[in-house]
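Written below as structure tokens is the structure these notes are about.
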Amino acid sequence: MYRKAYKKLLEWKSSGSRKPLLLLGARQVGKTWLMMEFGKNEYENVVYINCDTEVLTKDLFLKDYDIRRLLLGFQAISGESIEEHKTLIILDEIQEAPRGIHSLKYFCENAPGYHIVAAGSLLGVTLSQKEPFPVGKVDMLKIYPMDFEEFLYALNQKPLCDILSESDYGLAEALSVKFTELLYHYYFVGGMPEVVKLFVNNGDLNGVRSLQEAIIEAYRNDISKHISKTESIRIGQVISSLPSQLAKENKKFIYGVAKKGGRAADFELAIQWLVDAGLVYKVCRVNKVAMPLKFYEDITAFKLFFLDIGLLCCMAKVPASTILINNDALSEYKGMVAEEYVAQQLSAAGIDLYYWSNDNSPAELDFVVQLGNEVCPIEVKASTNVRGKSIAQFVKENPGKRGLRYSMLGYKNQGWIINYPLYAVPFSLNNYGD
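All residue numbers for the sequence shown refer to the numbering used here, where the first residue is 284 and numbers rise by one.
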């Protein structure tokens, strides 16, 4: 299975300033598979230790951080020998081993020749709460669900990826029916690797939906195990409200939609937990579309997108027939699906997302991003109807700016705005500014 993050791991291995690596990401986005595949292909042997299921790790780091003792412990637990530069040491679910994360500091300082990768399904939550963090002593890499390009690779559609990678939009337009069909498949299946694998192997749509439901239930179980009952209920209310939040024309998160009479004070911790766990993308409003966007962030207004479009459609109980056969039947949900899809693709590319709106008018920019030294407004349209005044007005009022539009139209450069088909989102950003 092709994952773009594999290239990042290769760069990490060959780096002269390599430190122990922490993989951050939600449960079941493929962290364990990626680490094991990387170790199998790039090292002579792999030492794999799951700190959640291996009881011996509960006390392993408590006595001290003596490297020789820890290496002996790793070997005893795994049954594998360890050699500098030749062995990949994998510490999975490292947040379950007390002081395990902090031990990485001493591997960085005292034993840089040992290659260590650590990960955990709630690692982001752990780092934000109680575990001493080895600041400056680890490298970090976020892992996301598979984007649409990786989905195409999984379906053995590399030639289609090559067309978009080479920006041959004339040929892409000739094949638009095929691209659109595959895009709708992605809307339903999403990018969770286990779900994609099931779809690729047997095309069982009922199985896909059942597996998605199981993943969502696993998230809920994780939540209940690691947080108080009251906060767990609030987190559940936030998650359950996402489809209706995003179905609104104005997708700003409204606390009262999650719970009647709900207030910011009720849900601040719940939302932060979801962000730290990698389960939602939080897109804050900016009061001004200017560099740097972070300076103009308004933390009181934001949108929340779920980590995966397939899981969101599962929560919304959108039937397979509606997505795969009669996409027009999505009606008001079209906007939800299209914006969720774009948010997932851009987030997977490591882009910080914002949006802009004006409380005194209906004007809104769906997304605003910073690409290099430019601020780029983005408009998302779920169909071929691209009428809209907000981005046109923004570009008119900001000479020299150029917008991006994602829609079901083909590629078109109008000077003040470039339209890309929705299926080209993962491929489009490299050419911005050309």
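Every residue, glycine too, gets a C-beta built ideally from N, C-alpha and C.
For arginine 503 and histidine 509, I'd like the C-alpha separation in whole angstroms. 10 angstroms
Reference tyrosine 470, options Trp699, Pro660 and Ala626, closest by Cα: Ala626
Give the secondary structure of cysteine 334 by DSSP, where H, G and I count as helix, E and B as strand, and everything else as coil. coil
What residues in its chain sit with their C-beta under 6 angstroms from that of leucine 305, if we drop five residues either side in the sequence? Ala401, Val421 and Met423
Among residues of its own chain, excluding the 5 on either side of glycine 344, which ones have a beta-carbon nearer than 8 angstroms to its beta-carbon? A small correction: the amino acid at residue 344 is phenylalanine; glycine does not occupy that position in the sequence shown. Excluding residues within five positions, the ones whose Cβ falls inside 8 angstroms are Leu353, Ala380, Pro381, Arg382, Gly383, His385 and Ser386.
Evaluate the contact criterion for the region 633–643 versus the region 428–437: three or more CB pairs, one atom per stretch, below 8 angstroms. no
Return helix, strand or coil for methionine 574, following the three-state DSSP convention. coil
Among Leu629, Ile674 and Met598, which one has its Cα closest to the Cα of tyrosine 564? Leu629
Label tyrosine 285 either buried or exposed according to how many other C-beta atoms from any shown protein chain fall within 10 Å of its C-beta, with 16 as the threshold for buried. exposed
Taking only runs that begin and end inside the region 588–668, name each unbroken beta strand (DSSP E) of 3 or more residues, in chain order. 637–640, 647–654 and 657–663
For lysine 672, which beta-bridge partners are listed by DSSP? DSSP, once it has assigned bridges, lists no residue as partnering lysine 672.
Work out the CA separation of glycine 686 and leucine 705 for me, nearest whole Å. 15 angstroms
For glutamine 440 and valine 620, the rounded distance between their alpha carbons: 23 angstroms
Taking the alpha-carbon of tyrosine 331 as reference, which of Thr315, Ala547 and Gly308 has the nearest alpha-carbon? Thr315
Whether glycine 322 touches isoleucine 373 by CB criterion (8 angstroms): yes
Would you mind sorting glycine 561 into buried or exposed? The rule is 16 or more other CB atoms within 10 Å of its CB. buried
So, at 8 angstroms on beta carbons, what are the nonlocal neighbours of glutamine 358 in its own chain, with the 5 sequence-adjacent residues on each side left out? Val330, Ser364 and Ile365
Rounded to a whole number of angstroms, what is the C-alpha to C-alpha distance between glycine 299 and cysteine 391? 12 angstroms
Within 10 angstroms of the Cβ of leucine 654, are there 16 or more other Cβ atoms? Answer buried if so, exposed if not. exposed
When the Cα atoms are used, what is the spatial distance from tyrosine 703 to tyrosine 637? 20 angstroms
Contact check, leucine 648 vs serine 673, beta carbons under 8 angstroms: yes
Rounded separation between lysine 531 and leucine 525 - CA only: 10 angstroms
Kindly confirm or deny that the region 542–552 and the region 652–666 touch, where touching means at least three C-beta pairs closer than 8 angstroms. no
Whether or not the region 567–582 and the region 449–467 are in contact is what I'm after, with contact meaning three or more pairs of Cβ atoms, one per stretch, closer than 8 angstroms; do they touch? no
From the DSSP secondary-structure annotation, give me the bridge partner or partners of threonine 370. Asn328
Mapping DSSP to helix, strand and coil, what is glutamate 580? strand
For valine 678, I'd like the list of residues in its chain whose CB is within less than 8 angstroms of its CB, leaving aside the five on either flank, ordered along the chain. Pro660, Lys684, Arg685, Gly686, Trp699 and Ile700
Which residues in the same chain as isoleucine 399 place their Cβ atom closer than 6 angstroms to its Cβ, once the five residues preceding and following it in sequence are excluded? Pro303, Ile372 and Phe390
Mapping DSSP to helix, strand and coil, what is proline 704? strand
Endpoints, the alpha helix (DSSP H) within which glycine 686 is located: Premise fails: glycine 686 lies in the beta strand (DSSP E), 686–690, not in any alpha helix (DSSP H).
Aspartate 422, DSSP secondary structure in three states: strand
Excluding the 5 residues flanking glutamate 370 on each side, which residues of the same chain have their C-beta closer than 8 angstroms to its C-beta? A quick correction: the sequence has threonine, not glutamate, at residue 370. Hits under 8 angstroms: Tyr326, Glu327, Asn328, Val329, Val330, Glu363, Ser364, Tyr397 and His398.
Which value, in whole angstroms, describes the spacing of the CA atoms of isoleucine 518 and aspartate 591? 17 angstroms
Threonine 340: buried (16+ other C-beta within 10 angstroms of its C-beta) or exposed? buried
Is the separation between the beta-carbon of phenylalanine 589 and that of arginine 568 shorter than 8 angstroms? no
Where does the unbroken beta strand (DSSP E) through lysine 461 begin, and where does it stop? It is not in any beta strand (DSSP E) - lysine 461 instead sits in the alpha helix (DSSP H) that spans 459–472.
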